[in-house]
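Read the structure below first, then the notes.
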Amino acid sequence: MINIRNNKLALILFFVIVLILQIFLIFKLEVLNNIIFVTNLVHLHMILPLTLWGYSLYYRITDLKIRRLSMVFVLLLILWMILKFYKGITDNYEHIEILWYLFYLPMLMNLYIYNKMLVYSYNNNPNKIIDKVLLLITCLLILLVLTNRNHNIVFIFSDVTKPSIYTYNFGYNLIVIWMVFLSVLSIINMFKIYKNRKKYSLIYILIFFILIFIHNRYYVLRIPRIFSSDFSLMYTIVFIYLLEASIRLNILPGNYYYNEVFNIPNLNLFIVDNNFNIKYQPTGNNTIPHDVFKNIKKDIISQEIYSKNNKDIMYKVDKIDGGFSIKIIDVFVINKLMKEVNTKSIVINRQNKILTIEQDLKRKITKQKISSNIKNKVDEVLIKKIDLINEYTDLIYGEDLSLQQDYLLLAYIKIFVGYCKNKASLILKGMKNKYISSDDFSIIMHNIIQDSYTAKIEGQVFVTINNDIDINNVHSIFDITNNILEKCTRFSKSNLFLKISENKQYYTYDVIIDVYDINGIFIFKLANIIQNIKVSTKKISYDDSSILINLSFKKEGDVNA
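This is how it looks when you write it as structure tokens:
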């Protein structure tokens, strides 16, 4: 077979033969009068080559939908030849008229079918609405021709006894316009198929579209040579040429070039039928083991099968029309790489486990360090208070003290215990957050006052802060309040009123303390303590029995109490 992809000789030869046939049919009466080719038998003789050609299309066209359409295409051409043959041997005018109208069935329908095949060639899911509209218009025009006797919209016969004498009406112009439209649509679809290919090959088809249009115009104008030509035979040959050229130019999908593919060295592609009989096998010593055929599942479109004897060879099985294609693929390198990947994966998994263990250990060590740091910080802050608690406890049990002294020591111990509890809570909160809520702060301040009730210190706390408070200022306020309460335990009775509020930049600490002390020792000592506190602003006023303190703490931990 000639390689048409690289050499267009066969196509050019076919092109020339068709042109010669067309010219021959135009001048047939003068060239070969009374020979079989120019009698009505020529149409009967055309059926055999048409049938053989159509049979070849079944095996040459690979797409199932296009293959079915091509069969309808060929059957319509065969019908045309049968109708033309019968028209030539009958004398019944009514039959001749009906047969003449029926010629337009294959002529119009095959143009529609050819365009549909082109659409399927580049689009497996064409627009169904457009296709139905094209089919509907084609069928309506065919029906218009077949019913011409009732309306004469297509042809007008002046004498019913002379079928060759007629004129064309506007209905015929509609048919010509529709044929031109389908031809243009087919050309557009060809260019879509050849989108990424060189377009010059399409000239073999475009020329015939142009020639047929010119022939039609000359035929309508009754040019003698053209009008006397065999219209049906010419169009049949043109339709054959269109379909054959479309396959050979790879406009329609065909297996015309399969031999070229199969002759590629080392292709290793087998073609088998549904009974696993080998229809094609490449040159070489490759064979397909029987166990591979046994494992092929006919209902699966694509599958990969390995032979029991050799796992380094994979058989890629794909279902095709009438059988299967089996490609032999050497996967030795892939298997080797997979083994290496698996080995590395095992190593990586081990390393990941080691890393996970190390991370767990680091978390535990970090957790222990944090716990140790918290414990050390709590111990560092509370050690003095704890020592005082132990010292006062030893005094209660070891010394002969008065009831009032025991009571005073117990009051100190309770205040110290409350201090340790609340201070530890603040330290833990400060390890997690830089701020604590105003509700938590209010609870801590109320707890301080409640722990002082046994020392006959009565008081009230009002916290009017809505936002979170920075932990440094909380510690400062907490320590100042505890210092004040510890000093108040020496008196028989003390009253304390505490208010803590805020503005845009400061926390305000206001406290009023009422105590009784003849010498005023407490008042002066407490005043000295407060004077040494480093706060943003402070105001102190006092007399012999009471003291008024106003402190301001700048927000964001500006205080060192």
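The numbering of the sequence shown is my numbering, which starts it at 34 and goes up by one. Quick reminder that beta carbons are idealized off the backbone N, C-alpha and C, glycines included.
| query | result |
| --- | --- |
| Continuous beta strand (DSSP E) stretch holding V364: start and end | That residue, V364, is in no beta strand (DSSP E); it is neither H nor E in DSSP. |
| Nearest residue (CA-CA) to F303, options L275, I361, S585 and Y91 | I361 |
| Length of the line joining the Cα atoms of M104 and L167 | 20 Å |
| CA-to-CA distance, I580 to I416, given in whole angstroms | 30 Å |
| Rounded separation between D164 and T171 - CA only | 11 Å |
| Own chain residues within Cβ distance below 6 Å of Y155, not counting five before or after | K225 and I226 |
| Selected residue, minimal CA-CA separation from D472, among A457, D263 and V494 | V494 |
| For I329, the three-state DSSP class (helix, strand or coil) | coil |
| Beta-carbon spacing of H76, S234 below 9 Å | no |
| L531 - containing beta strand (DSSP E), residue span | S527 to E535 |
| Assigned exposure category for P139 - 16 Cβ within 10 Å defines buried | buried |
| Euclidean distance between Cα positions of R255 and N157 | 43 Å |
| Residue burial classification, D351 (beta-carbon count within 10 angstroms, cutoff 16) | exposed |
| Extent of the continuous alpha helix (DSSP H) run through D472 | S471 to D484 |
| Per DSSP, cross-strand counterpart(s) of V374 | Looking at the DSSP assignment, V374 forms no beta bridge with any residue, so it has no partner. |
| Member of Y201, I175 and L173 whose CA lies at the smallest distance from the CA of N185 | Y201 |
| Local conformation of D345 per DSSP, three classes | coil |
| Cβ-Cβ distance between V178 and Y145 below 9 Å | no |
| Y468: CB within 8 Å of a non-hydrogen atom of the ligand MN | With respect to the ligand MN, the structure offers nothing, as it holds no ligand at all. |
| Any 3 or more C-beta pairs closer than 8 Å across the stretch 496 to 503 and the stretch 468 to 485 | yes |
| As assigned by DSSP and simplified to three states, the class of T200 | strand |
| D503, DSSP secondary structure in three states | strand |
| Cutoff 6 Å; reference G204; Cβ partners in own chain excluding five residues on either side | L177, I186 and V187 |
| Straight-line gap, I99 to I280 (C-alpha atoms, nearest Å) | 11 Å |
| Contact between the stretch 507 to 522 and the stretch 445 to 460 (3+ Cβ pairs under 8 Å) | yes |
| Boundaries (first-last residue) of the alpha helix (DSSP H) holding G355 | Where G355 is concerned, there is no enclosing alpha helix (DSSP H), given that its DSSP letter is neither H nor E. |
| Limits of the alpha helix (DSSP H) - the one that L144 falls within | Y137 to Y155 |
| Whole-angstrom distance between L109 and L83, CA atom to CA atom | 10 Å |
| Rounded separation between K331 and N307 - CA only | 8 Å |
| F489 (DSSP reduced to helix, strand or coil) | Checking the displayed sequence, the identity of residue 489 turns out to be Lys instead of Phe. Looking at K489 - three-state DSSP - the assignment turns out to be coil, as it is neither helix nor strand. |
| Limits of the beta strand (DSSP E) - the one that S335 falls within | S335 to Y339 |
| DSSP-derived helix/strand/coil call for T84 | helix |
| F365 burial status per 10 Å Cβ neighbour count (16 or more: buried) | exposed |
| Distance, M478 Cα to F511 Cα | 7 Å |
| Exposure label - E519; buried when at least 16 CB within 10 Å | buried |
| Simplified DSSP assignment, three categories, for S312 | The amino acid occupying residue 312 in the given sequence is Lys; Ser does not appear at that position. Strand at K312. |
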